[in-house]
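First the structure, in the form of structure tokens, and then the observations on it.
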Amino acid sequence: MYKNLIDSRFHSYLKDDVKNKIYYLDTNDIDFSKRVDIIVKINFLKAIINNDAEKITYYEKLYIDTISAFTDNSFIEPGESFKRSQQDYLKSFREIYINILENGFDETKGLVPVSPSGVPLDGAHRIAIANVLNIKIPVIELKNLECNYDINYFDKKTKDDSLIFNLVTELAHFDKAIRIAIVWPFAKQKDTSYLEELLNEDFIFSRSLDLSLNGINNICLACYEKEKWIGNYKNKWDGSWGKSKKVYSDQEKTHVVLFKTHGIDNDILIKEKFRQQFSGLKHCIHMTDNQEETLGLVRCTFNQNSELILNNIQTTALKEIIYFLDKNKLYSENFVFTGSVILGLLGIRSFNDVDYIVAIGSTKSIVDKKLLSNSHNHYVKNYNHKISDYFIFNSLTFSFLGVNFIELNELYNFKKNRNESKDKDDIKLIENFISGTYGIRFIFLQKKRYIIMKYKHMVGLMYKKIIVITKLLGVYNILKKVKRNESH
């Protein structure tokens, strides 16, 4: 009866002796954690409608990446579809949108098959369009059939940490009920199986990190940054170490678990059940309380280089960076820090200058125009991406305590492209740092860069003193004119 309304792949699930429920589905009732690809389609379509070129670029790539995972990079859609290439998908999506925008949905022409729990089995593009247009869509419920195209699905299919980071970020932005649980090393859990059992259907995805005590301290900063007891940049968050030492255990993993909340009372109950294994001690698990906290942890724990970054962030350097923002009354979201700042932040070598990229649309809000002239925006030709890309593509940066930093690989490519004498030493330092080779050569390069930096700093101070003295003696303008004549 309904075979002409759904793809032939699902015909075997239509039984003569089973009545299939047909109804109009409000897409806001869908659990998109089981269809994260549809979130990408929704945001891609919004970018197209708003003619937002930068977001179109970002979401088109993410859209193509998810389609590639579904089709094993063949872009041949199963069933009765004509789609055989990336362009077929992009063209079809736009055509379906225009058709539904003008004509709506006609249940006599087609139905979207869904599982008994309301998860779409097909028709992802139609679901995305219905969500954007805020209209209900005709569906048919198929018995004994479920699907789960969640984060785990794409992780197993692609093993692409960058894609997973982007999908986790999209899900956490889209669904306000997404939370993160941190299972501390103190719990000595080899995996997340016990917490998964407690969370049941609300478990989404997990990642395990091998963190040092310094790494644990940094993740404690990210978890508890709003708490008064942890301190702030002015005292280098000196309250964090007390907590870090309690939750740390040598040789044990830190597990980061993504889940869906049903309210803070239920989360507290789950934490209490988990803690019962440890006589009720609080040093075994932490959970985020809201979307803002969740997004902050997503950016620093699901990044493709989270382990390396967290283990090496130096709070002394971080203090200088946040002080720079505070002193100049700057909004952190308008800046991506780069250059020697990254090397200092990760303890690769010390730094003097605070290097950064400024978001192009934010320049008018910056009072001190020297900050613009001192930015790395004029080095754009040496970067592998446009300035705007570093404020759009999450995988090009990492974020900590709300401050954005360029990815180490991006900095490495910048230094190779610019290739000044100081860059050559930094390139070697970065290579040794990533490979974990901390031998005599690494120490020598660190000391070399430190001596050169100190020398330049001393020369700069001497130059300033000479200017002051010559002005006091009344000969500054004469000497300046002589120097100008010599240069000609």
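Residue 29 in the working numbering is what sits at position 30 of the sequence shown, and the numbering runs on without skipping anything.
Ideal Cβ placement from N, Cα and C applies to all residues, glycine included.
None of the values given here were measured: they were computed from a predicted structure.
Kindly indicate which residue of the options has the alpha-carbon position closest to the one of residue i.
{"i": "Asn102", "options": "Pro112, Phe204, Arg125, Lys175", "result": "Arg125"}
{"i": "Lys155", "options": "Val182, Phe204, Ile21", "result": "Phe204"}
{"i": "Arg93", "options": "Ile48, Gly401, Gln276", "result": "Ile48"}
{"i": "Lys326", "options": "Asp367, Gly473, Thr65, Ala123", "result": "Asp367"}
{"i": "Ser32", "options": "Gln85, Ala176, Leu100, Phe277", "result": "Ala176"}
{"i": "Arg206", "options": "Ala180, Tyr223, Lys479", "result": "Ala180"}
{"i": "Leu4", "options": "Lys82, Leu110, Lys20, Ile267", "result": "Leu110"}
{"i": "Gln275", "options": "Tyr193, Gln313, Ser248", "result": "Tyr193"}
{"i": "Ser91", "options": "Ser73, Ala123, Glu106, Ser116", "result": "Ala123"}
{"i": "Asn304", "options": "Asp160, Ala129, Val335", "result": "Asp160"}
{"i": "Lys489", "options": "Arg417, Arg348, Asn393, Ser374", "result": "There is simply no residue 489 to check, as the chain begins at 0 and stops at 487 in what is shown."}
{"i": "Tyr57", "options": "Val39, Gly338, Asn333", "result": "Val39"}
{"i": "Asp209", "options": "Val182, Lys252, Tyr389, Arg178", "result": "Lys252"}
Please report the straight-line C-alpha distance between residue i and residue j, rounded to a whole angstrom.
{"i": "Leu132", "j": "Ile41", "result": "10 Å"}
{"i": "His172", "j": "Lys464", "result": "53 Å"}
{"i": "Ile37", "j": "Leu220", "result": "33 Å"}
{"i": "Leu141", "j": "Asn151", "result": "24 Å"}
{"i": "Glu53", "j": "Ala358", "result": "13 Å"}
{"i": "Leu257", "j": "Lys158", "result": "18 Å"}
{"i": "Lys135", "j": "Leu296", "result": "34 Å"}
{"i": "Gly360", "j": "Lys415", "result": "28 Å"}
{"i": "Val113", "j": "Ile29", "result": "10 Å"}
{"i": "Leu294", "j": "Asn165", "result": "12 Å"}
{"i": "Ile433", "j": "Lys427", "result": "10 Å"}
{"i": "Gln313", "j": "Lys470", "result": "41 Å"}
{"i": "Lys421", "j": "Ile386", "result": "23 Å"}
{"i": "Tyr1", "j": "Glu79", "result": "16 Å"}
{"i": "His377", "j": "Asp352", "result": "16 Å"}
Starting from residue i and walking both ways along the beta strand (DSSP E), at which residues does that stretch end?
{"i": "Phe350", "result": "Here Phe350 belongs to no beta strand (DSSP E), and DSSP marks it neither H nor E."}
{"i": "Val113", "result": "111 to 113"}
{"i": "Asp354", "result": "354 to 357"}
{"i": "Ser530", "result": "Since the first and last residues shown for the chain are 0 and 487, residue 530 lies out of range."}
Buried or exposed: residue i, going by 16 or more other Cβ atoms within 10 Å of its Cβ?
{"i": "Asn143", "result": "exposed"}
{"i": "Asn302", "result": "buried"}
{"i": "Met286", "result": "buried"}
{"i": "Glu406", "result": "buried"}
{"i": "Phe104", "result": "buried"}
{"i": "Val474", "result": "exposed"}
Name the two residues that bound the continuous alpha helix (DSSP H) containing residue i.
{"i": "Asn50", "result": "Where Asn50 is concerned, there is no enclosing alpha helix (DSSP H), given that its DSSP letter is neither H nor E."}
{"i": "Thr314", "result": "314 to 326"}
{"i": "Phe273", "result": "263 to 274"}
{"i": "Val340", "result": "339 to 344"}
{"i": "Ile429", "result": "420 to 434"}
Taking 7 Å as the cut-off, is the beta-carbon of residue i closer than that to any non-hydrogen atom of the ligand ADP?
{"i": "Ile466", "result": "In the structure shown, the ligand ADP is absent, as is every other ligand, since no ligand is present at all."}
Could I get the ranges of all uninterrupted beta strand (DSSP E) runs contained in the segment 155 to 229, with 3 residues as the minimum, in chain order?
-> Taking only runs of at least 3 residues, the beta strand (DSSP E) segments lying wholly in the segment 155 to 229 are 177 to 182, 202 to 208.
**Prompt:** In the segment 229 to 260, which residue ranges form an unbroken alpha helix (DSSP H) of at least 4 residues, counting only runs that do not cross its ends?
**Reply:** Complete alpha helix (DSSP H) runs here, min 4: 239 to 246.
*Go through the segment 279 to 308 residue by residue and report every complete run of the beta strand (DSSP E) that reaches 3 residues or more, in order.*
List check, beta strand (DSSP E) in window: 284 to 286.
* Jot down the residue ranges of each uninterrupted alpha helix (DSSP H) in the segment 63 to 119, minimum 4 residues, whole runs only, in chain order. => Within the segment 63 to 119, the runs of alpha helix (DSSP H) that reach at least 4 residues and sit entirely inside it are, in chain order, 85 to 102.
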